[in-house]
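Written below as structure tokens is the structure these notes are about.
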Amino acid sequence: MKSGAFSLLKKTGFVPKGITESVFLEKLIDGAEARSGIPKNSAIEKLHQGLHVLSKAKSGAFGKIDEIEININRILNGVDHKATKMPTDIQSFQKKISAEKLSHLAFHLLESAFAEATAGKKALGGNLEVNDLLGYSNMDREQVVE
Numbered sequence: 045m046k047s048g049a050f051s052l053l054k055k056t057g058f059v060p061k062g063i064t065e066s067v068f069l070e071k072l073i074d075g076a077e078a079r080s081g082i083p084k085n086s087a088i089e090k091l092h093q094g095l096h097v098l099s100k101a102k103s104g105a106f107g108k109i110d111e112i113e114i115n116i117n118r119i120l121n122g123v124d125h126k127a128t129k130m131p132t133d134i135q136s137f138q139k140k141i142s143a144e145k146l147s148h149l150a151f152h153l154l155e156s157a158f159a160e161a162t163a164g165k166k167a168l169g170g171n172l173e174v175n176d177l178l179g180y181s182n183m184d185r186e187q188v189v190e
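Numbered according to my numbering, the sequence shown spans residues 45 to 190.
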């Protein structure tokens, strides 16, 4: 069912064509640091912050997957993730975590961001937030609009 859903997202243009799910999630993680102009207090900001944490984890800023999950949950619950204690052991900073281990967390972030944005769709500006999320997932806005 999950692969069928991802295939549907590719066919509808929400995910760039010719890309696998794992590569898509990895590109989202890797591109998080380069993005700017994210609206504050929005579902897209939570997605962006979470992907930024995953990017740091991939490069070795966190030592254990459970520390990463704590930070992701803090972001999704609206708690400042920077308040979470970072590992102090120097070896934990040098241990890199593969993108494959982080993809389920990236998927969870996407799922939560879209759930929050569509729940707020009834509120003023809800459609705008959904459109911003779609643009975040596929930078080719023409393909998304089409």
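Glycine is no exception: its CB is placed at the ideal position from the N, C-alpha and C atoms.
Using CA atoms only, rank isn't needed, just tell me which of the options is closest to residue i.
i, options, result
"SER80", "GLN93, ILE109, PRO60", "GLN93"
"ALA78", "LYS90, GLY62, SER99", "SER99"
"ILE88", "GLY62, ALA157, GLY75", "ALA157"
"ASN121", "GLY48, LEU91, GLY62, GLU144", "LEU91"
"ILE112", "ILE63, TYR180, HIS152", "HIS152"
"LYS71", "ALA163, GLU173, LEU95, ARG118", "LEU95"
"ILE73", "ARG118, PRO83, LEU154", "LEU154"
Applying the criterion that 16 or more other CB atoms from any shown protein chain within 10 Å of the CB defines a buried residue, is residue i buried or exposed?
i, result
"ASP15", "Nothing about residue 15 can be reported from this structure: the residues present for the chain run from 45 to 190 only."
"ALA159", "exposed"
"SER147", "buried"
"ALA150", "buried"
"VAL123", "exposed"
"LEU52", "exposed"
"LYS102", "buried"
"LYS144", "Note on identity: in this sequence residue 144 is Glu, with Lys being the wrong assignment. Per the 10 Å Cβ criterion, exposed."
"ALA161", "buried"
"GLU173", "buried"
"GLN135", "Residue confidence for GLN135 is low, a pLDDT of 43 falling below 50, so the modelled location carries little weight and cannot support an answer."
Go to residue i, then tell me how far its alpha helix (DSSP H) extends in each direction, as first and last residue.
i, result
"GLU113", "109–120"
"LYS61", "Unbroken run through LYS61: none, as it is neither H nor E."
"LYS90", "87–102"
How many Å lie between residue i and residue j at the Cα?
i, j, result
"ILE141", "ASN171", "35 Å"
"ASP184", "ALA49", "20 Å"
"THR56", "LEU178", "11 Å"
"ASN64", "ASN85", "Note that residue 64 is Thr in the sequence shown, not Asn. If you take the alpha carbons of THR64 and ASN85, they lie about 30 Å apart."
"ALA163", "GLY62", "30 Å"
"ILE82", "TYR180", "10 Å"
"ARG118", "GLU186", "34 Å"
"ALA76", "GLY104", "16 Å"
"LEU69", "LYS54", "13 Å"
Does the beta-carbon distance from residue i to residue j come in below 8 Å?
i, j, result
"VAL59", "ASN182", "yes"
"ILE109", "VAL97", "no"
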